[in-house]
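For the sequence shown, the tail end lands on 224 under my numbering, and the numbers increase by one without skipping.
No residue lacks a Cβ here, since even glycine has one placed at the ideal position from N, Cα and C.
All remarks here apply to the structure that follows.
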Amino acid sequence: MNRWLLALPLAVFGVVGIALYALFMTHADEASFRDNLLPELIGFCLEGFFLVGLFTLVQKLRENHHRRELKLSLRSALRDFLSHLDLAFLEPDAEPAKTHDLESEPRVVLRLMKSMEEMELDADSMLALKRTAIYTLPLAHDLINIAAQLSAGHMRWWVDIVESIKQLAEAESREAVERPVYSLLVGLSEFDALKV
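Structural data, given as structure tokens:
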């Protein structure tokens, strides 16, 4: 609906400007109306067309940038989980993932999901993940409103992520830790797949 409200003035200015220009070019009589007022109307319509189009483009770019920033802020709230998992599955001579990759790269989440399917977490990693869940749960819950500003799909997957964090914070066994961690990664993967 909002898109149509922005496109309607653009269409009106464009159509009226083209119609007046066609009228001006097809009539050959030299009336004072045509000589004075008609060129001004054509100029007004063309200026309106370009200004509305330009402002619409600027508005759309700013809105998309704002939505991307919101999504990155949500993703960065889960950086500690991804960092602990990355360290837990790190090869002996490998470098840990960069902070930027942990906060924004969907391929990191997919790699961690694959690692969880192939290997088990050690006790220290599970304890670190549980502590992170306890610490992060209030923040993640408060960010549901931010996810809702992106779309209903983003909010739904963020609610699933928050539920996984809650289950992890209450976990008392290996299975009770690994299941919500994997569920969190699945939810984050689906969250990343949604367009902003």
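Tell me whether the region 162–178 and the region 113–126 touch, counting them as touching only if at least three CB pairs, one residue from each stretch, are closer than 8 angstroms. no
Can you tell me the Cα-Cα spacing of Asp108 and Leu102, whole angstroms? Their Cα atoms are separated by approximately 12 angstroms.
Among the candidates Phe219, Phe77 and Asp114, whose CA atom is the shortest distance from the CA of Val43? Phe77
Buried or exposed: which applies to Phe225, given that a residue is buried once 16 or more other Cβ atoms fall within 10 Å of its Cβ? Nothing about residue 225 can be read from this structure; the chain reaches only from 29 to 224.
Could you give the distance in angstroms between the alpha-carbon of Ile46 and the alpha-carbon of Ile70? 8 angstroms
Using the Cβ count rule (16 or more neighbours within 10 Å means buried), how would you classify Asp152? exposed
In or out: Asp150 buried (at least 16 other Cβ within 10 Å) or exposed? exposed
What is the C-beta distance between Val187 and Arg95, in whole angstroms, given that I count them as a contact (C-beta under 8 angstroms)? The beta-carbon separation of Val187 and Arg95, rounded to 19 angstroms, does not stay under the 8 angstroms limit for a contact.
Use the C-beta contact count for Glu203: other C-beta atoms within 10 angstroms, 16 or more gives buried, fewer gives exposed. exposed
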